[in-house]
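Asker:
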Ligand code: PMP
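In the numbering used here, the protein residues as written are 104 to 491.
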């Protein structure tokens, strides 16, 4: 296999070699104190990455969809009302999950490229009776970022639980769980957390754990039940062991290494790096005349870019970019799938990766006959990356 390519899809991303090496260390017994020390440190550090002091972390083998599943099934009982804000494919998935667990679901669906209206959400909440409101921090199908801080305020004001899908945002987009009052922030390992796929992660507020304890009916999914995982998470954090279902030992090693790297960079610096690199990339894309899916600049995610193909060019662009050594992703939103492509920029990303990707996109576009000012995207990105 040719390993010399840059993986610029919205997860899995290019992983740090130290994180990958951690995966190949000898597998310890999950019931050993040595493993408890590693897992315990990872749980404590997860709280720091989410900027939550008292939230309860859960790390479970599975993907991001399991994390969505867990949040809903534990906090919403059959018949309870949920308000789902959908900014694309993954918002719609959250609605499907809530329906599957027999919730009474209201969906506010944003037009493609827009964020769901919080004013409209408030109108629904005013009517009362909602248990939870959900949103997707960055919907990976549209590249639209939602104002999660404002969502937290709204949810707190109306006394409903807030559940935010951070799969394409966590550890890349600014997020402050305690300060913003978000009850569940959930994610997966393979994006800005920068660990190979296979872990569902979340931090749950004290208020949401209290709501869980007050449930009147059993959780409809056995593996996902907070109550079965809680003693395990608590034990590992205290350096002890407990068993419910076997943890993904080697992925936890990798998580431990990556979270230490993330905290060594520092959350404020990490947010600022993602913001700057996203701006450089996105303004580079603007400079060569490609239209982006988010309808306003302030809706653009810091973790990925979604851009429409120019007139006369389609998904063959992906192959042409690949031939230049960079892998980007196809469209995902069913309504515009063949009209746009997606570029992930998160986690281990450097300024060099941004320039490499823009250069590859330019060469690919040129090879397909698109006419533009050569070097314009790289030039614009450089102006942002080295302003003085
Ligand atoms: N939510 C969002 C925003 C995502 O981007 C994804 C995955 N691309 C998921 C949920 C589902 O995660 P997974 O594919 O790991 O199940």
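Glycine included, C-beta positions come from ideal geometry on N, C-alpha and C.
Quick one: does the C-beta of residue 171 sit closer than 7 Å to a heavy atom of the ligand PLP?
Answerer: No copy of the ligand PLP occurs in the structure displayed; its ligands are the ligand PMP alone.
Asker: Kindly indicate which three-state DSSP category residue 289 falls into: helix, strand or coil?
Answerer: strand
Asker: Quick one: any contact between the segment 430-446 and the segment 410-418, if contact means 3 or more CB pairs under 8 Å?
Answerer: yes
Asker: Residue 415 to residue 472, Cα distance in whole Å?
Answerer: Cα to Cα, residue 415 sits roughly 9 Å from residue 472.
Asker: Examine the Cβ distances between the segment 237-248 and the segment 269-279 and report whether three or more of them are shorter than 8 Å.
Answerer: yes
Asker: What runs of the beta strand (DSSP E), each 3 residues or longer, lie entirely inside the segment 354-419?
Answerer: 407-411
Asker: Could you check the C-alpha separation between residue 360 and residue 336 for me, to the nearest Å?
Answerer: 18 Å
Asker: Between the C-alpha atoms of residue 265 and residue 332, what's the straight-line distance to the nearest angstrom?
Answerer: 21 Å
Asker: At a cut-off of 7 Å, is residue 291 close to the ligand PMP when judged by its beta-carbon and the heavy atoms of the ligand?
Answerer: yes
Asker: When you measure from the CB of residue 167 to every non-hydrogen atom of the ligand PMP, does any distance come out below 7 Å?
Answerer: yes
Asker: In whole angstroms, what is the alpha-carbon distance linking residue 245 and residue 113?
Answerer: 11 Å
Asker: Residue 234: which of 257, 185, 220, 255 sits nearest, CA to CA?
Answerer: 185
Asker: Please tell me whether residue 267 and residue 287 are closer than 8 Å, where the distance is taken between their beta carbons.
Answerer: yes
Asker: Where does the unbroken alpha helix (DSSP H) through residue 196 begin, and where does it stop?
Answerer: 192-203
Asker: Under 8 Å, do residue 176 and residue 218 count as touching if we go by C-beta distance?
Answerer: no
Asker: Between the segment 364-380 and the segment 162-170, do three or more beta carbon pairs fall short of 8 Å?
Answerer: no
Asker: Using a Cβ-Cβ cut-off of 8 Å (strictly less than) and excluding sequence neighbours within five positions of residue 352, which residues of its own chain qualify?
Answerer: Same-chain partners within the cutoff: 130, 131, 133, 138.
Asker: Between 116, 358, 462, 384, which lies nearest to residue 487 when the distance is taken from Cα to Cα?
Answerer: 384
Asker: Given residue 319, which residues of its chain have a CB within under 8 Å of its CB, disregarding the five upstream and five downstream residues?
Answerer: 180
Asker: From residue 386 to residue 208, what distance separates their C-alpha atoms?
Answerer: 38 Å
Asker: May I ask you to report which of helix, strand or coil DSSP gives residue 445?
Answerer: strand
Asker: When DSSP labels each residue in this structure, what does residue 303 get in the three-state scheme?
Answerer: strand
Asker: Answer with buried or exposed for residue 321, where buried requires no fewer than 16 other C-beta atoms within 10 angstroms of its C-beta.
Answerer: Its Cβ having fewer than 16 others within 10 Å, residue 321 is exposed.
Asker: Terminal residues of the continuous beta strand (DSSP E) containing residue 328?
Answerer: DSSP places residue 328 outside any beta strand (DSSP E), giving it a letter other than H or E.
Asker: Shorter than 7 Å, the distance from the beta carbon of residue 241 to the closest heavy atom of the ligand PMP, or not?
Answerer: Flag set: Cβ of residue 241 near the ligand PMP.
Asker: Going by beta-carbon coordinates alone, are residue 436 and residue 381 separated by less than 8 Å?
Answerer: no
Asker: Per DSSP, what kind of secondary structure is residue 212 in: helix, strand or coil?
Answerer: strand
Asker: Which word fits residue 294, buried or exposed, when buried means at least 16 other C-beta atoms lie within 10 angstroms of its C-beta?
Answerer: buried
Asker: What's the gap between the Cα of residue 340 and the Cα of residue 355?
Answerer: Rounded to whole angstroms, residue 340 to residue 355 spans 13 Å at the Cα level.
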